[in-house]
Amino acid sequence: MKLSALLPIIGNASVAEHAADPDITGIASLHDALPGDLSFLANPKYTRQVETTRASAVFVPNDYAGAAPETCVLVRVDSPDKAFAAAVPHFTLPPIQRKPGIHPTAVVGENVTLGEGVYIGPYAVIGDGATLGARVIVEAHVVVGEECVLGDDVHLYPMVSIRERCRLGKRVTIHNGTVIGADGYGYATSVTPQGIRIEKIPQLGIVEIEDDVEIGANTTIDRARFGATRIGHDTKIDNLVQIGHNVRTGPCCGIVSQVGIAGSTHLGTGVMLWGKVGVAGHLTIADGVEVLANAGVPGDLRTPGQYIGSPAVPKREALRIFHMPRAVENLKEEVTKLKAQIKELQDRLNKEPDA
Amino acid sequence: MKLSALLPIIGNASVAEHAADPDITGIASLHDALPGDLSFLANPKYTRQVETTRASAVFVPNDYAGAAPETCVLVRVDSPDKAFAAAVPHFTLPPIQRKPGIHPTAVVGENVTLGEGVYIGPYAVIGDGATLGARVIVEAHVVVGEECVLGDDVHLYPMVSIRERCRLGKRVTIHNGTVIGADGYGYATSVTPQGIRIEKIPQLGIVEIEDDVEIGANTTIDRARFGATRIGHDTKIDNLVQIGHNVRTGPCCGIVSQVGIAGSTHLGTGVMLWGKVGVAGHLTIADGVEVLANAGVPGDLRTPGQYIGSPAVPKREALRIFHMPRAVENLKEEVTKLKAQIKELQDRLNKEPDA
Amino acid sequence: MKLSALLPIIGNASVAEHAADPDITGIASLHDALPGDLSFLANPKYTRQVETTRASAVFVPNDYAGAAPETCVLVRVDSPDKAFAAAVPHFTLPPIQRKPGIHPTAVVGENVTLGEGVYIGPYAVIGDGATLGARVIVEAHVVVGEECVLGDDVHLYPMVSIRERCRLGKRVTIHNGTVIGADGYGYATSVTPQGIRIEKIPQLGIVEIEDDVEIGANTTIDRARFGATRIGHDTKIDNLVQIGHNVRTGPCCGIVSQVGIAGSTHLGTGVMLWGKVGVAGHLTIADGVEVLANAGVPGDLRTPGQYIGSPAVPKREALRIFHMPRAVENLKEEVTKLKAQIKELQDRLNKEPDA
């Protein structure tokens, strides 16, 4: 495909006059590109890679001021990321499509309601009384519990399991191995003359997931002790995340891989938790809070902004902590100087009487 | 259901004379309750929510001294948590019950011993030579390996997989997606003239889980290199926990979500590891140790009590570390003062000769 | 089995003259051993356990200088660890062997290519167009996506799922519940007058795993946005690990349990990441870097060696940070002394005029 044929697809783009019009045969990152490949510069960290790339063409920001090899045509665009995303499907295989139908090995329970165009894959198990909306895709080896409700266009990848009575909104996508609605961790522990006594607190609520939520692989979202654990619409959750019983997230939250949120904590709108963040239970996290990777949150965060560290503090305070080793070194040096000065004063005073 | 009809169920409770006797139609937290709902105050953090709740009745501790809206009846009880737990089943659907029987799609191997009242769900696979005790529930899509032994009343949720020869005691419950008995991470690495050489150490032991253990979803417990990885009776393990080969836990331990315990570490009785705690390998953790969330444990903990931080230290020491930024600020101020005082002394001494 | 009969199996070993020749009936750690057991001393931490062990024989290093009970024969060997590993199979059951064949319940798609000696277990699902090399073992309940390619001697344990078009080299082993090729976490977020707008970035690449890689249980490795997420040959990955889209690891890396590596990060050769390490996205980690447990890596690590802490720093620097509380205490004491000395100087100067 000629570069010139590709440009109309990506919208507002400009190419230097007299530039070559190479054949584009593939896509790759700046570092990996070979002749024939199209690449892009979205992250300024990679700017210097443009200068040495072997790509035949690179999407760069309109204000890109750097150079490029002679073999590489620079295409100036408003958003290199979006332009590249528009070009990618022309050089990759499309995702697998599922045709409506129920595989003969699927076990569909009694009183199940199926919308039009539903796909149910090999060995999927749909519990009694479940409801699947239109165009729902339930892939191989998915287990949907009794009386679950799945909205239109839900897509469950293989090995997903959903316990009884949970409710998923429209266009919810859940990746392989994720578990929705297992019992939360809830026990009443007491110390008796006979030893430690641990009783299970029944977990009788459900999980409710609103529209347009996507959840990654091998994540776990626990059912509520009573009522519902709730994930707000448009929230995106990554792999291996733990969400405890009775947690609620607002809409449009981002919850990155290996985050853990303990029971009954509430996230506001647009909260962003980066990789491995841990949040204690029964907390309130305000709209617009962003917690950076690896942080631990032991208390409410009531003001929007960036937090960092364990225990998490506003980023500005954290920088002070990170610079503390330097501050302590400086103090040591100052104290050493002061000691010398005092010694000198003492010596002078001790001499004075003799003077 | 009238509140007065509910009270006998929950035992020792007192209501103010002349209080109303509302119809209770549901249950909810203080914050979410609507008229008709019953709620409870167990965590003092939520005390102020009683004053504004819309619940029709609230269980409070006997010594509760606060107010409540006119529309809300306060019910004084010994344990609001337990009273509420006793009331919840009257307003929620019961958990799904499995009737004994073997689904026609289940694959049961040769020489399998099944106790009375066993349930085996769709597509479950039971390996040759396995033994299942009375009333064992093996849900859809569970894989039980060859020669495994499951005690009476074991309950395995969908997608659980147990590798060959592992042994589970009575009343062990394991939630969806958990893996028992995969190979531990064990390699012999050497550097040779040809490069790094990595050889697998065979993992030929098993996992033994004692009575009354509950394990959450998507957790992994590795088989021993030889002998057994062992989980003590009444220990409760949450979701996404990693337990390495040859680990042993005492009875009555609590291991919360995303904890990782490296190989050959031994936990005593009643050890509590909160969310995301990491414990290095070959360590001894004493009876009654409690490690707070997010901590990392690089060495033995031989004294009971609370530990915190990474590397974990006794809580009291940790507070000193957390207060260090303040201490450094104080030192800076003191050093500044000392400098001024020394300057003044120097000035005075320098003048003296002239005096 | 007589000890003397066992020794030829383990190679270069020496036993004191006139030592007894006990019957060996089992194997155990020094701490757990009973009479009849063989044990070994590999980790010097356990040296004192040799003195009190009840084992009938113990493999010790050639230079072992300690004592042992009279009931215990010390066997001096070059590597107690290797000698013990050679002895273990004589006292444990062998791993389960799968005989070639396709279980009648397996669903094998159209245009699937199967090498000789393949085993496909109950309820496994092989997608259209997939290729399985010779002697591949696909256990019960595995789902292999469309057009995947599995090299000779690949072994997939139950519940593994591999999304479409991913490629595994020869002798790749993957344990239960692991997900290869789920979509990475990739969204374009913008704030519009109508609120936060979150669009999914299609994830159209694959995962490529080179020869001799082993991957633990419930781990997730995301498919690339475009191109491939790549795991280098001989790399060993533990349980519950997250590897983001477009990550690349060199050969011979070790990635221990609960590690998370964010998107587009590249690891060199022989990189070792211990338990729970988090690595941010778009980073370069040099050959021979070792990051100790629990650390967080926010930036490139360009020099081989050990790193520790969050943010991770070279181990030497970290020790300074760990010792900071001590340093601050010392400074406090010094400042207190200086204050006293200045006070004394001031007093003397104040008196002088009167002298």
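Chains as they are written, first to last, in this note's numbering: chain A, 1 to 355; chain B, 1001 to 1355; chain C, 2001 to 2355. Where a beta carbon is used, it is the ideal one built from N, C-alpha and C, also for glycine. From a predicted model like this one, the values you see are computed outputs, not experimental measurements.
Requested in this report: Can you grab the Cα-Cα spacing for the pair Val328 (chain A) / Phe1084 (chain B), in whole Å?
Outcome: Position 328 of the first sequence, counting from 1, holds the residue named residue 328 (chain A). Position 84 of the second sequence, counting from 1, holds the residue named residue 1084 (chain B). Distance between the alpha carbons of Val328 (chain A) and Phe1084 (chain B) is about 53 Å.
Query raised in the report: Straight-line CA distance for Val1060 (chain B) to Val313 (chain A)?
Result: Locating residue 1060 (chain B) in the second sequence gives position 60, where the first residue counts as 1. Locating residue 313 (chain A) in the first sequence gives position 313, where the first residue counts as 1. Between Val1060 (chain B) and Val313 (chain A), the alpha-carbon positions lie close to 34 Å from each other.
Query raised in the report: Quick one: complete beta strand (DSSP E) runs, 3+ long, within the stretch 2055 to 2098 of chain C?
Result: Every beta strand (DSSP E) stretch that sits fully inside the stretch 2055 to 2098 of chain C and reaches 3 residues is listed by chain position as 2057 to 2061 and 2073 to 2077.
Report task. Alpha carbon to alpha carbon, how far is Gly263 (chain A) from Tyr1064 (chain B)? Give it in angstroms, no decimals. Result -> In the second sequence, residue 1064 (chain B) corresponds to position 64, counting from 1. In the first sequence, residue 263 (chain A) corresponds to position 263, counting from 1. A straight-line Cα-Cα distance of about 25 Å links Tyr1064 (chain B) and Gly263 (chain A).
Requested in this report: Can you tell me which of B:Gly1254, B:Lys1332, B:Asp1238 and B:Arg1302 puts its alpha carbon nearest to the alpha carbon of Ile196 (chain A)?
Outcome: On the first sequence, position 196 is the one that residue 196 (chain A) refers to. By alpha-carbon distance to Ile196 (chain A), the top candidate from B:Gly1254, B:Lys1332, B:Asp1238 and B:Arg1302 is B:Gly1254.
Query raised in the report: Sorted by chain position, which residues of the same chain lie with C-beta nearer than 7 Å to Ala1042 (chain B)'s C-beta, five sequence neighbours on each side aside?
Result: For this step, residue 1042 (chain B) is matched to residue 42 along the second sequence. Closer than 7 Å at Cβ, skipping near neighbours: Pro1080 and Asp1081.
Query raised in the report: Based on the DSSP secondary-structure assignment, which residues constitute the bridge partners of Arg1230 (chain B)?
Result: For the purposes of this step, residue 1230 (chain B) is identified with residue 230 of the second sequence, where counting begins at 1. When beta bridges are read from the DSSP output, Arg1230 (chain B) appears opposite B:Glu1208 and B:Arg1248.
Report task. Using a cut-off of 8 Å between C-beta atoms, extract the partners of Val2165 (chain C) located in chain A. Result -> As a first step, residue 2165 (chain C) must be located in the third sequence, where it is residue number 165. What sits at residue 2165 (chain C) in the sequence shown is Arg, not Val. Those within 8 Å of Arg2165 (chain C) in chain A are Leu93.
Report task. Name, please, each residue of chain A whose Cβ falls closer than 8 Å to the Cβ of Tyr2185 (chain C). Result -> For this step, residue 2185 (chain C) is matched to residue 185 along the third sequence. Near Tyr2185 (chain C) (Cβ distances below 8 Å), the residues of chain A are Gly216, Lys236, Asp238, Asn239, Val256 and Ser257.
Report task. Would you identify the three-state DSSP class for Pro1122 (chain B), choosing helix, strand or coil? Result -> Position 122 of the second sequence holds residue 1122 (chain B). Coil, per DSSP.
Query raised in the report: Using 8 Å as the Cβ pair cut-off and three pairs as the minimum, do the stretch 2005 to 2025 of chain C and the stretch 1331 to 1341 of chain B touch?
Result: No, the stretch 2005 to 2025 of chain C does not touch the stretch 1331 to 1341 of chain B.
**Report entry** Contacts that Asn176 (chain A) makes with chain C (C-beta to C-beta distance below 7 Å)
**Finding:** In the first sequence, residue 176 (chain A) corresponds to position 176, counting from 1. The contacting residues are Ser2161, Val2179 and Ala2182.
Report task. Find the residues of chain A that neighbour Cys1072 (chain B), judging by a C-beta separation of less than 7 Å, and give them in chain order. Result -> As a first step, residue 1072 (chain B) must be located in the second sequence, where it is residue number 72. None at all; the shortest Cβ gap to chain A is about 18 Å.
Query raised in the report: So, is the C-beta of Pro2251 (chain C) closer than 8 Å to a C-beta in chain A?
Result: In the third sequence, counting from the first residue as 1, residue 2251 (chain C) sits at position 251. Not one chain A Cβ lies under 8 Å of Pro2251 (chain C).
Query raised in the report: Are the stretch 103 to 112 of chain A and the stretch 2109 to 2120 of chain C touching, with three or more C-beta to C-beta distances below 8 Å?
Result: No, the stretch 103 to 112 of chain A is not in contact with the stretch 2109 to 2120 of chain C.
Query - Beta-carbon proximity check, Thr2047 (chain C) vs Pro2069 (chain C), cutoff 8 Å - result: Against the third sequence, residue 2047 (chain C) aligns to sequence position 47. Against the third sequence, residue 2069 (chain C) aligns to sequence position 69. No, the Cβ-Cβ distance between Thr2047 (chain C) and Pro2069 (chain C) is not below 8 Å.
Query raised in the report: Considering only residues of the same chain and omitting the five flanking positions on each side of Pro1358 (chain B), which have a CB-CB separation below 6 Å?
Result: Any question about residue 1358 (chain B) goes unanswered here, given that chain B covers just 1001 to 1355.
Query raised in the report: At least one CB of chain A closer than 8 Å to the CB of Gln1346 (chain B): is that the case?
Result: For the purposes of this step, residue 1346 (chain B) is identified with residue 346 of the second sequence, where counting begins at 1. Among the residues facing chain A, Gln1346 (chain B) is included, as its CB has a counterpart in that chain under 8 Å away.
Requested in this report: Please determine, among A:Gln49, A:Ala20, A:Gly184 and A:Ala318, the residue with the shortest C-alpha to C-alpha distance to Gly66 (chain A).
Outcome: If you number the first sequence from 1, residue 66 (chain A) lands on position 66. Considering only alpha carbons, the answer is A:Gln49.
Report task. State yes or no: is the C-beta of Thr2265 (chain C) within less than 8 Å of the C-beta of Ile2285 (chain C)? Result -> Locating residue 2265 (chain C) in the third sequence gives position 265, where the first residue counts as 1. Locating residue 2285 (chain C) in the third sequence gives position 285, where the first residue counts as 1. Closer than 8 Å, so yes.
Query raised in the report: Closest to Ile1174 (chain B) by CA distance: which of B:Leu1038, B:Ile1010 and B:Thr1219 is it?
Result: Looking up residue 1174 (chain B) in the second sequence gives position 174. Considering only alpha carbons, the answer is B:Thr1219.
**Report entry** beta strand (DSSP E) runs contained entirely in the stretch 1291 to 1331 of chain B, provided each spans 3 or more residues
**Finding:** Every unbroken stretch of the beta strand (DSSP E) spanning 3 or more residues and falling wholly within the stretch 1291 to 1331 of chain B is given here in chain order: 1305 to 1308.
Query raised in the report: Counting pairs of beta carbons, one from the stretch 1146 to 1155 of chain B and one from the stretch 1168 to 1186 of chain B, are three or more of them closer than 8 Å?
Result: Output reads yes: the stretch 1168 to 1186 of chain B touches the stretch 1146 to 1155 of chain B.
Query raised in the report: For Ala2293 (chain C), which residues of its own chain have a beta-carbon under 8 Å away from its beta-carbon, when the five flanking residues on both sides are left out?
Result: Within the third sequence, the letter at position 293 stands for residue 2293 (chain C). Cβ within range, chain order: Val2256, Trp2274, Gly2275, Lys2276 and Val2277.
Query raised in the report: Can you find a CB in chain A that lies within less than 8 Å of the CB of Gly2227 (chain C)?
Result: The count along the third sequence starts at 1 and reaches residue 2227 (chain C) at position 227. Judged by the 8 Å Cβ criterion, Gly2227 (chain C) is in contact with chain A.
Query raised in the report: Taking the beta strand (DSSP E) that Thr105 (chain A) falls in, what are its first and last residues?
Result: What you label residue 105 (chain A) is simply residue 105 of the first sequence in a count that begins at 1. In the DSSP assignment, Thr105 (chain A) falls outside any beta strand (DSSP E) and carries neither an H nor an E.
**Report entry** First through last residue of the alpha helix (DSSP H) which encompasses Arg2048 (chain C)
**Finding:** Reading the third sequence from its first residue, position 48 is the one you call residue 2048 (chain C). Note, Arg2048 (chain C): alpha helix (DSSP H), Thr2047 to Thr2052.
**Report entry** Whole-angstrom C-beta distance between Gly2117 (chain C) and Val2134 (chain C), which should lie under 8 Å
**Finding:** As a working note, residue 2134 (chain C) is residue 134 in the third sequence. As a working note, residue 2117 (chain C) is residue 117 in the third sequence. Reading the sequence as shown, one finds Ala at residue 2134 (chain C) and not Val. Contact holds; Cβ gap of about 6 Å.
Query - CA-to-CA distance, Glu146 (chain A) to Pro104 (chain A), given in whole angstroms - result: Within the first sequence, the letter at position 104 stands for residue 104 (chain A). Within the first sequence, the letter at position 146 stands for residue 146 (chain A). Distance between the alpha carbons of Pro104 (chain A) and Glu146 (chain A) is about 20 Å.
**Report entry** Beta-carbon proximity list for Cys1252 (chain B), same chain, < 8 Å, skipping 5 on both sides
**Finding:** In the second sequence, counting from the first residue as 1, residue 1252 (chain B) sits at position 252. Gly1232, His1233, Asp1234, Thr1235, Thr1269 and Gly1270.
Query raised in the report: Between Ala2355 (chain C) and the rest of its own chain, which residues show a CB-CB distance below 7 Å, the 5 nearest in sequence each way excluded?
Result: Stepping through the third sequence from its first residue, residue 2355 (chain C) is reached at position 355. Any answer about Ala2355 (chain C) is weak, because its pLDDT of 47 lies below 50 and its placement is not dependable; what the coordinates show is given next. Scanning its chain for C-beta atoms nearer than 7 Å, with the 5 sequence neighbours on each side dropped, one finds no residue around Ala2355 (chain C).
Report task. Rounded to whole angstroms, what's the CA-CA distance from Asn12 (chain A) to Pro22 (chain A)? Just pull it up for me. Result -> Within the first sequence, the letter at position 12 stands for residue 12 (chain A). Within the first sequence, the letter at position 22 stands for residue 22 (chain A). Roughly 19 Å between the two C-alpha positions.
Query raised in the report: How should Gly250 (chain A) be labelled, buried or exposed, when 16 other C-beta atoms within 10 angstroms of its C-beta is the threshold for buried?
Result: Counted from its first residue, the first sequence places residue 250 (chain A) at position 250. The residue is buried, with at least 16 neighbouring Cβ atoms inside 10 Å.
Query raised in the report: Ordered along the chain, which non-local residues of its own chain (more than five positions away) have a Cβ less than 7 Å from that of Ala994 (chain B)?
Result: The shown model of chain B, from 1001 to 1355, leaves out residue 994 (chain B), and the question about it has no answer.
Requested in this report: Starting from the beta carbon of Leu2328 (chain C), find every residue of chain A whose beta carbon is closer than 7 Å, and list them in chain order.
Outcome: Numbered from its first residue, the third sequence carries residue 2328 (chain C) at position 328. For the record, residue 2328 (chain C) in the displayed sequence is Val; it is not Leu. Residues of chain A whose Cβ lies closer than 7 Å to the Cβ of Val2328 (chain C) are, in chain order, Val328.
Report task. Using three-state DSSP, classify Lys200 (chain A) as helix, strand or coil. Result -> Counting from one through the first sequence, the residue named residue 200 (chain A) turns up at place 200. Assigned with DSSP and collapsed to three states, Lys200 (chain A) falls in strand.
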